[in-house]
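Participant: Have a look at this one before I ask anything.
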Amino acid sequence: MAGQPELKLYNTLTREKTDFVPIDPQNVRMYVCGPTVYDFAHIGNARPIIVFDVLFRLLRHVYGAEHVTYARNITDVDDKINARALRDYPGLPLNEAIRAVTEKTEKQFLDDAKMLGCLDPTVQPRATDSIPQMIEIIEKLIAKGHAYQAGGEVLFDTRSMADYGALSKRNLDEQQAGARIAVDAHKKSPGDFVLWKLSTEIEPGWESPWGRGRPGWHIECSAMSERYLGEVFDIHGGGLDLIFPHHENEIAQSRCAHGTDVMANVWMHNGFLQVEGRKMSKSEGNFVTIYELLHTETFGGRQWPAEVLRLAMLMTHYREPIDFSVKRLEEAERLLSKWSVVDAGTAAPDPAVLNALADDLNTVAAVQALHALAQSGDAAVFAASAALLGIQPKKTEVDEAVAAEIDARVRARLELLKAKNFAEADKIRETLAAEGIQLKDGKDPATGERVTTWEVKR
Numbered sequence: 002m003a004g005q006p007e008l009k010l011y012n013t014l015t016r017e018k019t020d021f022v023p024i025d026p027q028n029v030r031m032y033v034c035g036p037t038v039y040d041f042a043h044i045g046n047a048r049p050i051i052v053f054d055v056l057f058r059l060l061r062h063v064y065g066a067e068h069v070t071y072a073r074n075i076t077d078v079d080d081k082i083n084a085r086a087l088r089d090y091p092g093l094p095l096n097e098a099i100r101a102v103t104e105k106t107e108k109q110f111l112d113d114a115k116m117l118g119c120l121d122p123t124v125q126p127r128a129t130d131s132i133p134q135m136i137e138i139i140e141k142l143i144a145k146g147h148a149y150q151a152g153g154e155v156l157f158d159t160r161s162m163a164d165y166g167a168l169s170k171r172n173l174d175e176q177q178a179g180a181r182i183a184v185d186a187h188k189k190s191p192g193d194f195v196l197w198k199l200s201t202e203i204e205p206g207w208e209s210p211w212g213r214g215r216p217g218w219h220i221e222c223s224a225m226s227e228r229y230l231g232e233v234f235d236i237h238g239g240g241l242d243l244i245f246p247h248h249e250n251e252i253a254q255s256r257c258a259h260g261t262d263v264m265a266n267v268w269m270h271n272g273f274l275q276v277e278g279r280k281m282s283k284s285e286g287n288f289v290t291i292y293e294l295l296h297t298e299t300f301g302g303r304q305w306p307a308e309v310l311r312l313a314m315l316m317t318h319y320r321e322p323i324d325f326s327v328k329r330l331e332e333a334e335r336l337l338s339k340w341s342v343v344d345a346g347t348a349a350p351d352p353a354v355l356n357a358l359a360d361d362l363n364t365v366a367a368v369q370a371l372h373a374l375a376q377s378g379d380a381a382v383f384a385a386s387a388a389l390l391g392i393q394p395k396k397t398e399v400d401e402a403v404a405a406e407i408d409a410r411v412r413a414r415l416e417l418l419k420a421k422n423f424a425e426a427d428k429i430r431e432t433l434a435a436e437g438i439q440l441k442d443g444k445d446p447a448t449g450e451r452v453t454t455w456e457v458k459r
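One rule links them: number in the working numbering = place in the sequence shown (from 1) + 1.
Right, here's the structure in full:
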């Protein structure tokens with residue numbers, strides 16, 4: 002677009018960073034894999050939500066909001082959902098239990114995304130609303146010799162696709178060498194994957210030419226992306242863990258069904274996330290949800306503002322691994338405390354911020370440019386630039402003398418709490434609240450001592 006920077010994006014499919022050229026500049030189309038709604042989203046799930054929200058904002062800025070379509074799906078049919086429904090609602094019929102699980106979890110995911118400052122995608126399709134489209138794709142695959150029935154399933158024949166594995170760069174023969182062929186004896190090849198499987202009487206199911214059943218995971222995204230974006234679209238995104246098998250199998254299904262050379266022109270993947278230097282897992286005791294970070298004192302002994310969590314994510318390039326830690330959150334919080342915003346009005350973003358984002362979403366350079374702008378630039382331009390990152394720092398008008406006076410009252414309250422004089426301590430909190438100052442109590446992660454922070458709420 003005239004007057005706008007040239008976008009360069011790294012394409013996992015080609016392993017190159019190249020100029021982004023949309024198929025149709027009047028309708029730039031992006032699909033990102035959303036959650037399987039059986040459990041609350043964890044902090045690792047927050048990364049693609051935030052990363053692709055920034056890309057959505059950038060595309061809207063460059064091409065115009067009305068010319069960008071962003072689809073992010075909700076997977077609401079999956080065996081993990083069935084298992085969770087049986088566990089959490091043993092007294093309900095399975096279909097009612099599944100509905101209870103998916104509705105609760107989907108609502109929490111959408112609340113989390115909104116709290117994190119993410120725009121609503123253009124469309125958020127549920128998998129169960131596109132079952133007819135999935136059946137249609139499977140019928141095409143069978144008719145073209147790319148799928149077959151066996152063992153109560155319809156399977157994709159990976160041997161039928163000459164360049165299967167192009168995204169992950171996996172050799173099909175090498176994949177099969179260590180496969181447990183005896184377990185999947187009904188398959189032509191161990192790497193063949195499920196498109197449709199029969200359901201028992203109590204399992205969710207839909208009528209199909211192959212009997213009452215339910216879709217495999219991969220076919221869901223192929224159907225929803227085609228339905229809302231077309232057979233070939235511009236950008237497909239998700240986490241690095243989805244490259245194989247999910248995205249590889251999406252490509253196989255879609256290309257073989259439609260006879261196209263590609264499914265999406267650009268494939269983008271965000272890097273892995275660790276927590277305090279270790280892989281996140283429940284067994285490690287470092288598994289934390291977005292909800293817990295924002296609403297409880299699970300991580301670092303305190304709640305964390307959503308804008309702090311968002312900035313902490315953007316302080317690492319999206320393709321790099323990220324170590325999510327209390328230290329990183331504190332660093333982001335200190336940075337945000339130095340920023341304030343005004344109404345951007347019609348101000349344009351700063352070129353340094355815009356150019357950084359246009360270079361394969363370099364949020365690290367963008368945050369650095371934004372900080373420099375906060376120190377010396379125009380306040381309205383700063384606000385417009387921060388908005389490109391989805392960051393809205395709190396507007397504060399507290400000068401140094403007033404801040405020092407508030408700090409003194411906060412310290413006095415802490416002393417009263419130590420002395421167990423809770424009545425007087427509460428009076429200070431209430432007085433500050435009446436003045437628009439909100440206190441947040443927490444614990445110092447190093448010493449375990451009570452600490453209190455404050456912010457202006459009006």
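Each residue gets a CB set at the ideal place from its N, CA and C atoms; glycine is no exception.
I'd like the list of long-range same chain contacts for T15, defined as Cβ closer than 8 Å, with 5 residues on each side in sequence excluded.
Facilitator: none
Participant: Taking the continuous beta strand (DSSP E) assigned at Q304, which residues delimit it?
Facilitator: Per DSSP, Q304 belongs to no beta strand (DSSP E) and is neither H nor E.
Participant: Along the chain, where does the beta strand (DSSP E) that runs through A148 open and close?
Facilitator: A148 to A151
Participant: May I have the straight-line CA-CA distance separating E249 from A402, to the nearest angstrom?
Facilitator: 59 Å
Participant: Starting from the Cα of E321, find the closest Cα among K115, Q27 and R48 and give me that residue.
Facilitator: R48
Participant: Helix, strand or coil for Q369 per DSSP?
Facilitator: helix
Participant: Rounded to a whole number of angstroms, what is the C-alpha to C-alpha distance between K441 and T299?
Facilitator: When only Cα atoms are considered, K441 and T299 end up about 15 Å apart.
Participant: Alpha carbon to alpha carbon, how far is D158 from M264?
Facilitator: Taking the straight line from one Cα to the other gives about 18 Å.
Participant: How big is the Cα-Cα spacing for A307 and V155?
Facilitator: 44 Å
Participant: Let me check understanding here. Comparing Cα to Cα, which of G301, L418, S377 and L310 lies closest to T448?
Facilitator: G301
Participant: Would you say the stretch 244-259 touches the stretch 159-170, given that touching needs at least three Cβ pairs under 8 Å?
Facilitator: yes
Participant: In chain order, what residues of the same chain have a beta carbon less than 6 Å from the beta carbon of G212, not counting five sequence neighbours either side?
Facilitator: Counting only Cβ-Cβ distances below 6 Å, and skipping sequence neighbours, we find L199.
Participant: Per DSSP, P216 is paired with what?
Facilitator: For P216, which the question treats as bridged, DSSP gives the partners W197.
Participant: Counting only runs of 3+ residues fully inside the stretch 310-335, write out the beta strand (DSSP E) ranges in chain order.
Facilitator: 323-325
Participant: Pull up the distance between the alpha-carbon of T37 and that of G45, whole angstroms please.
Facilitator: 14 Å
Participant: Using 8 Å as the cut-off, can you tell me whether the stretch 305-319 makes contact with the stretch 49-66, which would need three or more C-beta pairs spanning the two stretches below that distance?
Facilitator: yes
Participant: Beta-carbon separation of I75 and V102 under 9 Å?
Facilitator: no
Participant: Using three-state DSSP, classify G443 as helix, strand or coil.
Facilitator: strand
Participant: Look at G1 and M31 and say whether their C-beta atoms are less than 9 Å apart.
Facilitator: No information on residue 1 is available, as it lies outside the stretch 2 to 459 that the chain covers here.
Participant: Can you give me the C-alpha to C-alpha distance between I407 and D112, rounded to a whole angstrom?
Facilitator: I407 and D112: Cα-Cα distance of roughly 33 Å.
Participant: Assuming M116 is part of the alpha helix (DSSP H), what are its boundary residues?
Facilitator: L95 to M116
Participant: Among C222, T364, L312 and H247, which residue has its Cα nearest to the Cα of A72?
Facilitator: A72 has its Cα closest to that of C222, out of C222, T364, L312 and H247.
Participant: Check this for me: beta carbons of L374 and V365, under 9 Å apart or not?
Facilitator: Cβ atoms of L374 and V365: not closer than 9 Å.
Participant: Please classify H270: is it buried, with 16 or more other beta-carbons within 10 angstroms of its beta-carbon, or exposed?
Facilitator: buried
Participant: Give the straight-line distance between the Cα atoms of F325 and G286, rounded to the nearest whole angstrom.
Facilitator: 14 Å
Participant: When DSSP labels each residue in this structure, what does M135 get in the three-state scheme?
Facilitator: Of the three classes helix, strand and coil, the one that applies to M135 here is helix, per DSSP.
Participant: When you compare each of L337, N266 and K444 to I392 by their alpha carbons, which one comes out closest?
Facilitator: L337
Participant: In three-state terms, what does DSSP make of E251?
Facilitator: helix
Participant: Only counting the same chain, and skipping five residues up and downstream in sequence, which positions put a Cβ closer than 7 Å to that of A367?
Facilitator: V354, A357, L358 and L390
Participant: For the beta strand (DSSP E) containing H237, name the first residue and the last one.
Facilitator: H237 -> beta strand (DSSP E) spans F234 to G240.
Participant: Starting from F57, follow the beta strand (DSSP E) in both directions and report where the run begins and ends.
Facilitator: First-last for F57: I44 to Y64, but that is the alpha helix (DSSP H), not the beta strand (DSSP E).
Participant: Excluding sequence positions up to five away, which residues of its chain have a Cβ less than 8 Å from the Cβ of N363?
Facilitator: H318 and A357
Participant: Could you tell me which of L274, N12 and S226 sits nearest to S169, measuring between CA atoms?
Facilitator: That would be N12, whose Cα lies nearest to the Cα of S169.
Participant: Take D40 as the anchor and find which of I429, E107 and C34 has the nearest alpha-carbon.
Facilitator: E107
Participant: Taking only the alpha-carbon atoms, compute the straight-line gap between L60 and A435 and give it to the nearest angstrom.
Facilitator: So the two alpha carbons sit approximately 42 Å from each other.
Participant: For a test of the three-state rule: what should DSSP assign to A163, helix, strand or coil?
Facilitator: coil
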